[in-house]
Amino acid sequence: MSWGVEDDGRRKGVKKLMELSEKIMRDNPNHVNEVSKSDSGCWMEQMYGMQRCDFCDLAADCPIREEQEWQEYLKTNNIVVEKSSEGESRAER
2 MSWGVEDDGR
12 RKGVKKLMEL
22 SEKIMRDNPN
32 HVNEVSKSDS
42 GCWMEQMYGM
52 QRCDFCDLAA
62 DCPIREEQEW
72 QEYLKTNNIV
82 VEKSSEGESR
92 AER
C-alpha cells in the first residue's frame with residue numbers, strides 16, 4: 002500500500018494534483034515543454050502553480066527543503082548570518 006493510500010489527507014492531495022494535471026494536459030498537451038521556471042525553483046509550483054511540501058518527497062535537491070534544512074542547521078548550531086554593508090554574508094557563532 003502506498004503512502005498516498007494510507008493517509009487520507011495525502012490521498013486527497015494526490016487526487017487533487019492528478020485532477021489538476023489531467024486538466025492542464027487536456028487544455029495544453031505541450032504544457033511540460035512550454036512552462037516557465039518558477040521563482041522558487043519548486044518543480045510542483047512550476048508545473049502546477051502550487052506548492053504542496055506536505056506530500057512532495059520526490060526531489061532530494063528541492064530548494065525549499067534545502068533552505069529549511071539550512072535554517073534548522075543554523076538554529077541548532079547557534080549560527081547567525083549577518084550581512085555586511087557590501088552585501089557579503091558572514092557567519093558568526
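If you read the sequence shown in our numbering, its first letter stands for residue 2, the second for the next number, and so on.
Glycine included, C-beta positions come from ideal geometry on N, C-alpha and C.
DSSP state of residue i mapped onto helix, strand, coil
i      : result
Lys-84 : strand
Pro-30 : coil
Gly-5  : Summary for Gly-5: the model assigns pLDDT 49, below 50, so the residue's position carries little reliability; its value from the coordinates is reported in the next sentence. In this structure, Gly-5 counts as helix in the three-state DSSP scheme.
Ser-22 : helix
Met-51 : coil
Val-36 : coil
Gly-14 : helix
Cys-43 : coil
Contacting residues, own chain, Cβ-Cβ under 7 Å from residue i (five flanking each side not counted)
i      : result
Gly-5  : Model confidence at Gly-5 stands at a pLDDT of 49, short of 50, so the residue's coordinates are unreliable; what they give is reported in the following sentence. Within the same chain, Gly-5 has close Cβ partners Arg-11, Arg-12, Val-15.
Cys-54 : Ile-65
Met-1  : Limits of the chain in this structure are 2 at one end and 94 at the other, which puts residue 1 out of reach.
Leu-21 : Tyr-49
Nearest candidate by alpha-carbon position, reference residue i, set the options
i      : options                      : result
Val-33 : Gln-69, Asn-79, Glu-23       : Glu-23
Gly-42 : Asp-62, Trp-71, Asp-9        : Asp-62
Met-51 : Asp-8, Asp-9, Lys-17, Ser-86 : Lys-17
Residues near residue i by beta carbon distance below 8 Å, same chain, minus five either side
i      : result
Ala-60 : Trp-44, Arg-66
Ser-86 : none
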